[in-house]
Amino acid sequence: MLPRTLFESEHQQFREAVRRFFAQELTPNIPRWEAQGQVDKDFWRACGAQGILCPDMPEAYGGAGLDFRANAIVLEETSYTGSATPAFGVHSDIVAHYLLKYAQEDLRRTWIPRMVDGSAIACICMTEPGGGSDLKAIRTTAVREGDGWRINGAKTFITNGVTADIAVIAARTGAEPGAKGISLFFCETDRPGYKVGRKLDKVGQHSSDVAEIFFDDLRVPADYLLGAENQGFVLMMQELPQERMSIAVTAHSAAQRAYDLTVDYVKQRQAFGHTLLEFQNTRFVLADLRTKLQVGWTHLDACIAALLQGKLTTDQAASAKLFHTELRSEVTDACVQLFGGYGYMNEYEIARLWKDTRIQRIYGGSSEIMKELISRAI
Ligand SMILES: Cc1cc2nc3c(=O)[nH]c(=O)nc-3n(C[C@H](O)[C@H](O)[C@H](O)COP(=O)(O)OP(=O)(O)OC[C@H]3O[C@@H](n4cnc5c(N)ncnc54)[C@H](O)[C@@H]3O)c2cc1C
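Under our numbering, think of the first position of the sequence shown as 116, with each following residue one higher.
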């Protein structure tokens, strides 16, 4: 890998502290969390104590006042453990930013510090059973009633859905169809009417709890509206570049992990009296992947730098999400091939990486939707 110029020495220290902490507290727990289908809530609090959650939140709200580089380090190091969880991206990179930018001051002061210390876990409820790609078609309704809002509807595929203490909800508030009538709301998940449905049985990412959520006459106060009424779609579009970078960073680090594991493996595994690395096919496959990973890191850092300057455009972020998640698929699939039958055994980390990979081309906007967005800029 080429030297990365995006990070300062203080970031390097932060990275080393995160890596040490994960080696002790995350890696040994992965098999147990995978089996139980979720991460222990205590682990979130331990991460909070280490300054790992929402590191870019301002000090006034309990954060470390850093920037997205610190968030990227947390994502990279999490992914590089070979685990898809905890879902720090949803919590730190998405929900915390909706609260910081669009919530009333009381809500910000109450909840951001709890997100930072890990006592409140967050989820975001956009996707509905009727469709995820077409966010304009949201059918959940929020109706103004007295001093609050009454919300009814159903969401699905919600990451942290079982463990979350707080949620951001997208609902239809306007009579106008399409994007214009959508608003966003904050909500505590223990309010009457907020109901967690099934924890969904996924192909991979087993330690990430993903659930159905139902709103059955859920009432929230008027000031739980985030931003202005009927402006929810605009807010979502503004936040998407960072959400997409969060997925791109995770994808690239996991691809690097798969590559590194495979290099170690092919140096040891023997066939026909040679190590696998001695076969030209193995060396050429790995040379190809290594080249793409190197180019990818440089691209990732350039996108993060643009994001920090507020200059990363919607189509550039979509390209990053598209490129890095597709690359992760290519890399992990080629790596499983080099592991042979062992690559298909659940006890091998490469098998988990491969299964965890597939969803990244779908969630957070599918590859096809990314191409739609990119093509609009042509
Ligand atoms: C594990 C997991 C975690 C998730 N976490 C969250 C979460 O925390 N919060 C949340 O709100 N959502 C979450 N999602 C939902 C996710 O973002 C959606 O699944 C995704 O956006 C796709 O929506 P869909 O599943 O309804 O597929 P559909 O929208 O039905 O799409 C099906 C297929 O049609 C294609 N397609 C759709 N429209 C077009 C088009 N215009 N042109 C070309 N092709 C098109 C899609 O690319 C896809 O291949 C999660 C999903 C999963 C599986």
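We treat Cβ as the ideally placed atom computed from N, Cα and C, and that holds for glycine.
Check, Outcome
"Quick one: give me the first and last residue of the beta strand (DSSP E) that Val335 is part of.", "Val325 to Pro336"
"Tell me which residue opens and which closes the alpha helix (DSSP H) that Arg359 is part of.", "Gly347 to Gln383"
"Say the cut is 8 Å; is the CB of Gly268 nearer than that to a heavy atom of ligand 1?", "no"
"Between which two residues does the alpha helix (DSSP H) holding Glu487 run?", "Ser482 to Ser490"
"Taking only three categories from DSSP, how would you classify Val258?", "strand"
"Tell me whether the beta-carbon of Lys270 lies closer than 9 Å to the beta-carbon of Ile284.", "yes"
"For the alpha helix (DSSP H) that contains Cys450, what are its first and last residues?", "Thr429 to Phe454"
"CA-CA distance, Gly480 and Gly204?", "15 Å"
"How about Arg476 and Ser482: do their beta carbons lie closer than 9 Å?", "yes"
"Any heavy atom of ligand 1 inside 8 Å of the beta-carbon of Lys317?", "yes"
"My assumption, with CB atoms under 8 Å, is that Leu214 sits in contact with Phe301. Please give the rounded CB distance.", "7 Å"
"If distances are taken between C-alpha atoms only, which option among Phe329, Met360, Lys310 and Ile273 comes closest to Lys317?", "Ile273"
"Between which two residues does the beta strand (DSSP E) containing Tyr339 stretch?", "No beta strand (DSSP E) holds Tyr339; DSSP gives it neither H nor E."
"If you draw a straight line from the alpha carbon of Phe129 to that of Cys450, how long is it in whole angstroms?", "30 Å"
"CB Arg254 to CB Gly268, shorter than 9 Å?", "yes"
"Quick check on Leu422: does DSSP put it in helix, strand or coil?", "helix"
"Hey, quick one: how far does the beta strand (DSSP E) through Gly163 stretch, first residue to last?", "No beta strand (DSSP E) contains Gly163, which is instead part of the alpha helix (DSSP H) from Lys156 to Ala164."
"Would you identify the three-state DSSP class for Ile465, choosing helix, strand or coil?", "helix"
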